[in-house]
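In the numbering used here, the protein residues as written are 32 to 608.
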């Protein structure tokens, strides 16, 4: 009786009186069979039917042969192998397309329209005389021999003369800083703190004694040259940037100026060029045409007494032709105008612009920086040359604990003493060597030290130099001696050279970086490959998503909800034994 009660699920049992009890309330009848396994079996059957349906109706080539049950096993295996090979071929070709899209997305082409020369800024010209010291202020050879006790006594040199000699030695040839010589030890024992830039300005040859005559656009231009501090001392620049336009505010020290150009930038920018309908008196200067007559003509002087061959081997004038946006670096590139020479330099501007389509690309993919993407610490405008100068400065500071007087520096950075110039000279070579090793290790073919890749908008000047020997002193004697007999004697005191710089052509074809292989091209190539090998189209992708995501969910839900259900019986009054 008790087991019967348990099977019936009674909540009350027979008591001692064995009287009949009345059970009330809802009662649950347990299912006789287990339904979970049966439901998953129905779900699998539904999914199998869905797969058969997809294989029958798929637009992808080969799927119908693989899923057809009317074909033999060998046929289905054959078509499965063909399908796998096709997928492998698609993957290989798409991978190559992806590599092309990633590594070579940019093409450099010629621009559609030529650019006239009056829309191109004339290059900045920096002239550095090799005769850097006025003979009236200092005799370098005599002071040097006394300093190293070759001749006379070092006691004959007072502190001022020693400081002056050590300052000049910083711009002399590398010979004086060779580690194999004994000079550095002498510098270290004797050298004291002194204002090297002020000393150089006091003893350097002034501009009026260097440029006899200057003309550009048919107008005299002797006064437009400004003093520039370079790695070889005091030089003079035509058409350069001012300190405000070249350097950022509040980052440089205030002990001396690097540039003394009084004119600020007007009516021109590197990205946009000259402002339309702007007056021709813009800065930087532009010439009105091509040819020698429309260019820059300079007659250069060097006093015979100022020329000495001890400090520097090369004699004459070093000429650096560079964009106005770049700080001149004499040791990187120059043309030497020797004495009694007539030198002409034909200039060809090389202008590179970049399409706005490439703004979304990473700089390492397009191999250039826009000005807003790479901000330098000291310079306002990003150029590869300015970036490399900052890089050399930082590396020199790290390696030597100081920087050369011509390098941009902050207020707390120390200037290297003459005994430390050997370290400065070797720093750049070491930096370039390390950069080359890193690029070779990573198999990179672009960039340079400190990742100073080119600017997306840049301008450079290719040059073609011709020269001939001319006796300008004889010419001046013949022309002016009859008028003034003293001319002959005055001319003999000087070495004279002539320099002409001009644009060779009236118009130039500029270059432009454009998108070679964009996202649309990548998708089109992938679609063509998939269509060729598998017959896949956009509709095939939608169809696959439909059969993989949309159709299976209702089938599984329906299978899990089907089968037997548990019924709940409400028995208000049930009589039991």
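Backbone N, C-alpha and C define an ideal beta-carbon position, used for all residues, glycine too.
Extent of the continuous alpha helix (DSSP H) run through residue i
i           : result
residue 190 : 190-200
residue 557 : 550-565
residue 303 : No alpha helix (DSSP H) contains residue 303, which DSSP labels as neither H nor E.
residue 433 : Premise fails: residue 433 is in no alpha helix (DSSP H) and is neither H nor E.
residue 230 : 227-234
residue 571 : 569-576
residue 173 : 171-178
residue 276 : 274-277
Residue environment, residue i, which counts as buried when at least 16 other CB atoms sit within 10 Å
i           : result
residue 55  : With a pLDDT of 47 at residue 55, under the threshold of 50, the predicted position of this residue should be treated as unreliable, and no value is reported.
residue 251 : exposed
residue 276 : buried
residue 443 : exposed
residue 206 : exposed
residue 32  : Here residue 32 scores only 43 on pLDDT, less than 50, and its place in the model is too uncertain to base an answer on.
residue 395 : exposed
residue 585 : exposed
residue 589 : exposed
residue 539 : buried
residue 550 : exposed
residue 403 : exposed
residue 286 : exposed
residue 317 : buried
residue 503 : buried
residue 145 : exposed
residue 410 : buried
residue 249 : exposed
residue 34  : The predicted model places residue 34 with a pLDDT of 48, which falls under 50 and marks its position as unreliable, so this point remains unresolved.
residue 293 : exposed
residue 628 : Nothing about residue 628 can be read from this structure; the chain reaches only from 32 to 608.
residue 85  : buried
Interface flag, residue i vs chain B, CB-CB below 7 Å
i           : result
residue 514 : Among the chains of the structure shown, chain B does not appear; only one protein chain is present.
Endpoints, beta strand (DSSP E) assigned at residue i
i           : result
residue 383 : 372-385
residue 396 : Segment 394-397 is the alpha helix (DSSP H) holding residue 396; no beta strand (DSSP E) there.
residue 267 : 264-269
residue 257 : 257-261
Counterpart residues of residue i in DSSP-defined beta bridges
i           : result
residue 327 : 247 and 532
residue 351 : 157
residue 538 : 147
residue 543 : 140 and 384
residue 334 : 525
residue 92  : None, per the DSSP bridge assignment.
residue 366 : 350
residue 314 : 297
residue 400 : 486
residue 452 : Per DSSP, none; premise fails for residue 452.
residue 290 : 259
residue 410 : 278
residue 446 : 434
residue 242 : 331
Any non-hydrogen atom of the ligand ATP closer than 6 Å to residue i Cβ
i           : result
residue 375 : Among the components modelled here there is no ligand, and therefore nothing to report on the ligand ATP.
Jot down the residue ranges of each uninterrupted alpha helix (DSSP H) in the region 470-532, minimum 4 residues, whole runs only, in chain order.
503-511 and 517-522
Do three or more CB pairs link the region 521-534 to the region 100-112 at distances below 8 Å?
no
Taking only runs of the alpha helix (DSSP H) that begin and end inside the region 102-143, which ones reach a length of at least 4 residues, in chain order?
104-134
Would you check if the region 81-95 and the region 551-571 touch, i.e. whether three or more CB-CB distances between them fall below 8 Å?
yes
Check whether the region 164-173 and the region 293-308 are in contact - that is, three or more C-beta pairs closer than 8 Å.
no
Just checking, does the region 120-132 make contact with the region 356-374 on the three C-beta pairs under 8 Å criterion?
no
For the structure I just gave you, are there three or more beta carbon pairs, one from the region 256-272 and one from the region 370-385, closer than 8 Å?
no
Any 3 or more C-beta pairs closer than 8 Å across the region 255-265 and the region 433-448:
yes
Would you call the region 234-241 and the region 331-341 touching, i.e. three or more CB-CB distances under 8 Å?
yes
So, do the region 351-366 and the region 488-503 have three or more beta carbon pairs nearer to each other than 8 Å?
yes
Would you call the region 386-394 and the region 505-521 in contact, with 3 or more CB pairs under 8 Å?
no
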